[in-house]
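**Student:** A single structure is presented below for examination.
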Amino acid sequence: MEREKQLTGSLLKFIRDNKCLLPAQEQAALSEAPLTLVSAGAGTGKTYTLSWRFLRALLRDGVRPRDVLTLTFTEKAAGEMADRITSRFREMRAVLDPEGDLLGSVEEELAEAPVSTIHSFAMSVLRQEALFLPAGLAARPMASPEERQFIDRVKAALEGPDLEWFKNSLPGDLTPQTVMEDSLDDLPSILNAYSPSAAADFALSLAAILECRDVSPGDLIEQAGDRDFLAPVMDRLKEICRPAAGEVAGLWLGSVIPSLSSGITGTGEFRLKLEAFVQKWASASPGSLQGEGAIDFANNLYETILKKLPTGRAKAAEAIKEVLGMSMKEYRDKREELWQRLGFINFGEGEIYFRLREGLLRLAAMVWLSFREYRRRRGLISFDDMIRLAGEASALARDRGRGRVFSEIMVDEFQDTNPLQNDLIMALAGQESRIFLVGDLKQSIYGFRHADPTLFGALIGKNDPGARYVPLQANFRSHPKLLDFINKTFSRTWSSGLSHSLPHPYEDLEFCGSDEAAKAWDSSPVNFLETVFRARGEEDGKKETMAQTRLRVARGLAAKF
Numbered sequence: 001m002e003r004e005k006q007l008t009g010s011l012l013k014f015i016r017d018n019k020c021l022l023p024a025q026e027q028a029a030l031s032e033a034p035l036t037l038v039s040a041g042a043g044t045g046k047t048y049t050l051s052w053r054f055l056r057a058l059l060r061d062g063v064r065p066r067d068v069l070t071l072t073f074t075e076k077a078a079g080e081m082a083d084r085i086t087s088r089f090r091e092m093r094a095v096l097d098p099e100g101d102l103l104g105s106v107e108e109e110l111a112e113a114p115v116s117t118i119h120s121f122a123m124s125v126l127r128q129e130a131l132f133l134p135a136g137l138a139a140r141p142m143a144s145p146e147e148r149q150f151i152d153r154v155k156a157a158l159e160g161p162d163l164e165w166f167k168n169s170l171p172g173d174l175t176p177q178t179v180m181e182d183s184l185d186d187l188p189s190i191l192n193a194y195s196p197s198a199a200a201d202f203a204l205s206l207a208a209i210l211e212c213r214d215v216s217p218g219d220l221i222e223q224a225g226d227r228d229f230l231a232p233v234m235d236r237l238k239e240i241c242r243p244a245a246g247e248v249a250g251l252w253l254g255s256v257i258p259s260l261s262s263g264i265t266g267t268g269e270f271r272l273k274l275e276a277f278v279q280k281w282a283s284a285s286p287g288s289l290q291g292e293g294a295i296d297f298a299n300n301l302y303e304t305i306l307k308k309l310p311t312g313r314a315k316a317a318e319a320i321k322e323v324l325g326m327s328m329k330e331y332r333d334k335r336e337e338l339w340q341r342l343g344f345i346n347f348g349e350g351e352i353y354f355r356l357r358e359g360l361l362r363l364a365a366m367v368w369l370s371f372r373e374y375r376r377r378r379g380l381i382s383f384d385d386m387i388r389l390a391g392e393a394s395a396l397a398r399d400r401g402r403g404r405v406f407s408e409i410m411v412d413e414f415q416d417t418n419p420l421q422n423d424l425i426m427a428l429a430g431q432e433s434r435i436f437l438v439g440d441l442k443q444s445i446y447g448f449r450h451a452d453p454t455l456f457g458a459l460i461g462k463n464d465p466g467a468r469y470v471p472l473q474a475n476f477r478s479h480p481k482l483l484d485f486i487n488k489t490f491s492r493t494w495s496s497g498l499s500h501s502l503p504h505p506y507e508d509l510e511f512c513g514s515d516e517a518a519k520a521w522d523s524s525p526v527n528f529l530e531t532v533f534r535a536r537g538e539e540d541g542k543k544e545t546m547a548q549t550r551l552r553v554a555r556g557l558a559a560k561f
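In this note's numbering, the protein residues as written are 1 to 561.
Here it is as structure tokens:
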């Protein structure tokens, strides 16, 4: 204890004497709470703060670098984090331990510190617990062509439908009859409503969503006919659809529809449908539709305009193509997953629609089970398999008294975490462990990898007496006027589109500087108008699409700053 007290005292004195950390950063880095939650957006110094947190963990008695687990979501971020941690330790060792007798061989052991992506870490767990892997240590991650092969085969089987293929693909004694039950009679109606290809894509998409929420195929089979189970599935699908639907609404209300303001040219049924659609949404603006409104807009766009496109070269369609930067068919197909999910949500409310939804859930379970069996027979594992199996292995090992427990667990980008990943993280913590979670709820709009930002929001809102919440609001990177714009934009989006699922209030980003510094920024502003010229010979003789033009201009502008 005396060693730890001496080292932490020296660390705190150095931080305060040299003003290394802002008050909020210091609170986060030195928090002794079992659970510390840090809200930190881009430019608020979260990686910097996390490196100080790692250093503080190493000063605890008995803690070695291998006892501190640091997880993030990209290999690049993990590499940068490891470099920052090593640099911070080397910088501070001479200050904290000038004689070299307190920190011992810690620097040599830094290479042993597990700083990685969550999937890389999960794979390392499974290498140690090979019995949990299909084919043991010979198991390997599934390649994209192998996944594509399965998807193509499922679609072909649903064309028939070829129930014998499913019977041979399911594990154990399961059959299409035992999985689908009475819904097997509804399979033709399901495939008629969705098409075999779309039904297969939706089934795989839904399975991925539910697996990330720690739902198993068995759970889905057991509860597919339960209306109480269906409601949260629908809610989750809506949560996932909102960002994409908002993007669709923003593009069409902000660019496509205004481009038609001079009049919709051409004749025929498509022109009439387009006129009616534009008239219906005439009073809406890009910022006015959030949440349910954006979902309604996207669904209406698909059902009215995109579902059945004109076969000829309609003038209105050509005009829209110029704005989209691609044909309407390309635009529709690129967002096929969104339309499938909206179709499930908007089937209808009658008994027949409930039966269709139940049938789709059972079909998803059958495809899901077949996919797992496909991987097992070939010794393949998916990214979700890595997390699920590592969580099971860690929990079982801990129950048997030999599980790995970390003294400190630090997770960056926690808003990108899903329940399956969260289960693995918690399985690695002991009663005396400290957990440090850093996230940015603003980034939850991306819906990354079926992430569930409500996990982070719920922990913040829980007000657990054993937890400490620290918001990092000071931004070191952005112009005050840009921060003002961001705050206004997100506060509006927060209140209209996210607050029902994330009850935590929006927290403004603040300019980290004096009034004089803000004035200095304003004295050398970015030009209101910048021009970009095409270089001699660039794309010579080729006609650019709108998308190519936008990309070229963006690159040219980026080079100026």
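C-beta: ideal position from N, C-alpha, C; glycine also.
Is it the case that the Cβ atoms of residue 375 and residue 142 are separated by a distance below 8 angstroms?
**Tutor:** Yes. Within cutoff.
**Student:** Quick one, are the C-beta atoms of residue 473 and residue 44 less than 8 angstroms apart?
**Tutor:** yes
**Student:** From what residue to what residue does the alpha helix (DSSP H) around residue 176 run?
**Tutor:** Its alpha helix (DSSP H) spans residues 176–180.
**Student:** Between residue 39 and residue 440, which are expected to be in contact by the criterion C-beta below 8 angstroms, what is the C-beta distance as a whole number of angstroms?
**Tutor:** 7 angstroms
**Student:** Please tell me whether residue 419 and residue 455 are closer than 8 angstroms, where the distance is taken between their beta carbons.
**Tutor:** yes
**Student:** Rounded to a whole number of angstroms, what is the C-alpha to C-alpha distance between residue 229 and residue 193?
**Tutor:** Roughly 22 angstroms between the two C-alpha positions.
**Student:** The beta strand (DSSP E) spanning residue 224 covers which residue range?
**Tutor:** Residue 224: not part of any beta strand (DSSP E); DSSP gives it neither H nor E.
**Student:** Report the three-state DSSP secondary structure of residue 153 (helix, strand or coil).
**Tutor:** helix
**Student:** In whole angstroms, what separates the C-alpha of residue 151 from that of residue 339?
**Tutor:** Distance between the alpha carbons of residue 151 and residue 339 is about 19 angstroms.
**Student:** How about the segment 281–293 and the segment 250–261: do they share at least three Cβ pairs that are nearer than 8 angstroms?
**Tutor:** yes
**Student:** From this set, 421, 3, 405, which residue's C-alpha is nearest residue 428's C-alpha?
**Tutor:** Nearest in C-alpha terms to residue 428, of all of 421, 3, 405, is 405.
**Student:** Within the continuous beta strand (DSSP E) that includes residue 439, where are the two ends?
**Tutor:** 429–439
**Student:** What three-state label does DSSP hand residue 413 in the structure shown?
**Tutor:** If DSSP states are grouped into helix, strand and coil, residue 413 belongs with coil.
**Student:** Determine whether the beta carbon atoms of residue 511 and residue 551 lie at a separation below 8 angstroms.
**Tutor:** no
**Student:** What did DSSP end up calling residue 93 once you bin it into helix, strand or coil?
**Tutor:** helix
**Student:** Considering Cα atoms alone, identify which of 30, 327, 24, 347 is closest to residue 9.
**Tutor:** The residue from 30, 327, 24, 347 with its alpha-carbon nearest to that of residue 9 is 30.
**Student:** Please tell me whether residue 178 and residue 115 are closer than 8 angstroms, where the distance is taken between their beta carbons.
**Tutor:** Contact check for residue 178 against residue 115 fails: the beta carbons are separated by 8 angstroms or more.
**Student:** Under 8 angstroms, with one C-beta from each stretch per pair, do the segment 346–357 and the segment 150–166 reach the 3-pair mark?
**Tutor:** no
**Student:** Let me know the secondary structure DSSP gives residue 311 once reduced to three states.
**Tutor:** Reduced to three states, the DSSP call for residue 311 is coil.
**Student:** DSSP three-state call for residue 381: helix, strand or coil?
**Tutor:** Reduced to three states, the DSSP call for residue 381 is strand.
**Student:** Here's the rule: buried if 16 or more other CB atoms are within 10 angstroms of the residue's CB, otherwise exposed. What is residue 46?
**Tutor:** Looking at its Cβ environment, which holds 16 or more other Cβ atoms inside 10 Å, residue 46 is buried.
**Student:** Check the C-beta distance from residue 363 over to residue 203 and give it rounded, since I have them as a contact under 8 angstroms.
**Tutor:** 5 angstroms
**Student:** Could you check whether residue 99 and residue 66 sit closer than 8 angstroms to each other, using their CB atoms as the reference points?
**Tutor:** no
**Student:** Would you kindly work out how many angstroms separate the C-alpha atoms of residue 7 and residue 96, rounded to a whole number?
**Tutor:** 6 angstroms
**Student:** Just confirm the distance between the C-beta atoms of residue 54 and residue 15, as a whole number of angstroms; I'd bet it's less than 8 angstroms.
**Tutor:** Actually they are not in contact, since the Cβ atoms of residue 54 and residue 15 sit about 14 angstroms apart, beyond 8 angstroms.
**Student:** Would residue 396 and residue 41 be called neighbours here (beta carbons separated by less than 8 angstroms)?
**Tutor:** no
**Student:** Have a look at 409, 92, 443 and flag the residue whose alpha-carbon is nearest the alpha-carbon of residue 437.
**Tutor:** 409
**Student:** When DSSP labels each residue in this structure, what does residue 564 get in the three-state scheme?
**Tutor:** In the structure as shown, the chain begins at 1 and stops at 561. Residue 564 is therefore absent and cannot be evaluated.
**Student:** Candidates 126, 210, 157: which alpha carbon is nearest residue 199's?
**Tutor:** 157
**Student:** With a CB to CB cut of under 7 angstroms and the five nearest residues on each side skipped, what residues in its chain are close to residue 273?
**Tutor:** Excluding sequence neighbours, residue 273 sits near 304, 305.
**Student:** DSSP on residue 232, reduced to helix/strand/coil?
**Tutor:** Note: residue 232 maps to helix in three-state DSSP.
**Student:** Whose C-alpha, out of 378, 234, 148, is nearest the C-alpha of residue 140?
**Tutor:** 378
**Student:** Report yes if the C-beta distance between residue 295 and residue 242 is below 8 angstroms; otherwise report no.
**Tutor:** yes
**Student:** Which residue from 373, 372, 344 puts its Cα closest to that of residue 359?
**Tutor:** Of the candidates 373, 372, 344, the one whose C-alpha sits nearest the C-alpha of residue 359 is 344.
**Student:** Apart from the five residues just before and just after residue 3, which ones in its own chain have a Cβ nearer than 7 angstroms to its Cβ?
**Tutor:** 61, 102
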